[in-house]
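Everything below concerns the one structure shown next.
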Amino acid sequence: MEIKDPRNHFSKENGALSGEKTSKTIRKLKDMKGFYEDEEAFNKMDPETVLYEVEMHAPVKAGTEGGLFFGTSFLNPGKVGEEFFMTKGHFHEIINRAEYYWGLEGEGVLVFMDEDGNASAEKVCPGSLHFVPGKIAHRLVNTGDTKLAVGACWPADAGHQYGPIAESGFGVRIKEKNGTIIAE
Ligand code: PAN
Ligand code: ZN
């Protein structure tokens, strides 16, 4: 029997993915209209500003029951007004699907919200491990001044539900005020 060479690679430093069946999604400022509180600050910024990139390894088709997806999110440092750059955030389409996140590089916050709108948050740093239970919306925020890299693994049939977050947000925003990181 032949012992195969691994076809896919995962950087030990920042989780960058390469090899077969990997793809990349880029999210720019213009993709996040309505997500930030300070619309005036938002409108003054370059809409082409890259906020984050997600590299993903998809060994099965989206929707495959029992399959898994593996990804690394890279969030750039920066703010819109007082609010730190963040991901859109979502519930899973099949809402009970859970997920793991783990910190690789940089400093951030993972914000959670249940279906009743109750929010909570955890600090993310290299080596931190976060279990995202089913039925919990999740959003990453870069609170540092360097790139935030965070790994994730989630069920291939989970899907993403962005609508409720686009409409009502997380009930809490991660900001910098007088040099302090706050959730309000
Ligand atoms: C992650 C997220 C990734 C980007 O892979 O999809 O961090 O965030 P948004 O999808 O909210 O833009 C994940 O949670 N997958 O389920
Ligand atoms: Zn998710």
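Okay, so the sequence shown: first residue is 1 according to full-length UniProt numbering, each after it adds one.
Beta carbons: idealized from backbone N, C-alpha and C, even for Gly.
Only a predicted model underlies this, so the values are computations on that prediction, with no experimental measurement involved.
- Shown here, residue 99 sits in a strand according to DSSP, grouped into three states.
- Residue 62 is positioned such that its CB atom lies closer than 8 Å to that of residue 156.
- Residue 93 sits away from residue 110, with the two beta carbons spaced by 8 Å or more.
- For the ligand ZN, no non-hydrogen atom lies closer than 7 Å to the CB of residue 122.
- Apart from the 5 residues on each side of it in sequence, residue 60 sits with its Cβ closer than 7 Å to the Cβ of 67, 156 in its chain, given in chain order.
- Judged by DSSP secondary structure, residue 18 falls within the beta strand (DSSP E) whose first and last residues are 17-19.
- Shown here, residue 1 sits in coil according to DSSP, grouped into three states, outside any helix or strand.
- Annotation: the segment 5-46 contains the following complete segments of the beta strand (DSSP E) (minimum length 3 residues), in chain order: 8-10, 17-19, 22-28.
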